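In what follows, a single structure is set out as structure tokens and then discussed.
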Amino acid sequence: SKSGDFLLAVEGLTVSFDGFKAVDDLSFYLDPKEIRVIIGPNGAGKTTVLDLICGKTKATSGSIKFDGKELTKLKEHQIVHSGVGRKFQTPSVFEDLTVFENLEVSYPKGHSVMGALGFKRDAEVISAVEEVAETIFLTEALNEPAASLSHGQKQWLEIGMLLIQKPDLLMLDEPVAGMSVTERKKTAELLRVITRDHTVLVIEHDMQFVGDIADRVTVMHQGKVLSEGSIEHVKSDPKVIEVYLGH
Ligand code: ADP
728 SKSGDFLLAV
738 EGLTVSFDGF
748 KAVDDLSFYL
758 DPKEIRVIIG
768 PNGAGKTTVL
778 DLICGKTKAT
788 SGSIKFDGKE
798 LTKLKEHQIV
808 HSGVGRKFQT
818 PSVFEDLTVF
828 ENLEVSYPKG
838 HSVMGALGFK
848 RDAEVISAVE
858 EVAETIFLTE
868 ALNEPAASLS
878 HGQKQWLEIG
888 MLLIQKPDLL
898 MLDEPVAGMS
908 VTERKKTAEL
918 LRVITRDHTV
928 LVIEHDMQFV
938 GDIADRVTVM
948 HQGKVLSEGS
958 IEHVKSDPKV
968 IEVYLGH
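Numbers given in our numbering equal positions in the sequence shown, counted from 1, plus 727.
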């Protein structure tokens, strides 16, 4: 095993659904603070990999070592607690709450809910909310209800709701789906800021965006790693070209 130096080491990961291996003996390794993008045709197993890491789906075999801990033995909430945050494709923010309140209720302390209920706000919570709001370009919208935000701003808010929990690993499923060109550029900027303190694992189809953000790319096909490396490397890999042209 070479899991020692990595933030995340996935080794021999396999999951079968009724005998069909959606993820098949998969291994990959994330360095601390890297942005890795998983690409691959529909059905390649990308979403299932994120489901396995966050404990939503249980592995049939293999291991997922995160910061030295074996995640395959943990429950979903324990995985969140150990520092893994997951954002799904569809933004799920509290529409009736303001941006401030959405961030506040996500702050990992029981008393943060008190503010949203009208009690005195904790200075620590306020400063955490303001810092995250700045990072996700929503300082001006702090007192607006989430319902009034654009689709892209809701995606950023949801990223902020994860960031305020200070996860070491942030997993994002198609973060720029439905975004305008300007919003995509700002999201790339946002991810670069985020990786000063966090490791990021992204599933993405938009190759322009992948080129903008990825340190390394892992190409999946039929549950396995087809190719891995820089965007230039995987784009010129004959195995990758064949799979993409074949679709
Ligand atoms: P991708 O995200 O790359 O499009 P998925 O991880 O969603 O691929 O799916 C990989 C394969 O596993 C697909 O063939 C899908 O139908 C199958 N699959 C995913 N989840 C389940 C499940 N819970 N039960 C049965 N089959 C599943």
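Backbone N, C-alpha and C define an ideal beta-carbon position, used for all residues, glycine too. Being a predicted model, the structure only gives us computed values, none of them experimental.
Taking 7 Å as the cut-off, the beta carbon of T741 is found closer than this to the beta carbon of D751. DSSP places G956 in no alpha helix (DSSP H) but in the uninterrupted beta strand (DSSP E) bounded by 951 to 956. Look at the beta carbons and you see the segment 787 to 804 not touching the segment 939 to 951: under three pairs across the two are nearer than 8 Å. Per DSSP, V967 is not a residue of any beta strand (DSSP E); the alpha helix (DSSP H) it occupies stretches across 965 to 972. Contact between the segment 920 to 933 and the segment 770 to 779 is present, with at least three C-beta pairs closer than 8 Å. G782 sits away from D895, with the two beta carbons spaced by 7 Å or more. The three-state secondary structure of K783, taken from DSSP, is coil.
Looking at the DSSP output, V929 shares a beta bridge with V764, L899. Counting only residues of its own chain and dropping the five nearest sequence neighbours on each side, L889 has a CB closer than 7 Å to the CB of G812, K814, L897. Excluding sequence positions up to five before and after A855, its CB lies within less than 7 Å of the CB of Y834, I891, all in the same chain and listed in chain order. Counting the other Cβ atoms within 10 Å of the Cβ of K881 gives 16 or more, which makes it buried.
Any heavy atom of the ligand ADP counts here; residues with a Cβ closer than 5 Å to one of them, in chain order, are F744, A749, N769, G770, A771, G772, K773, T774, T775.
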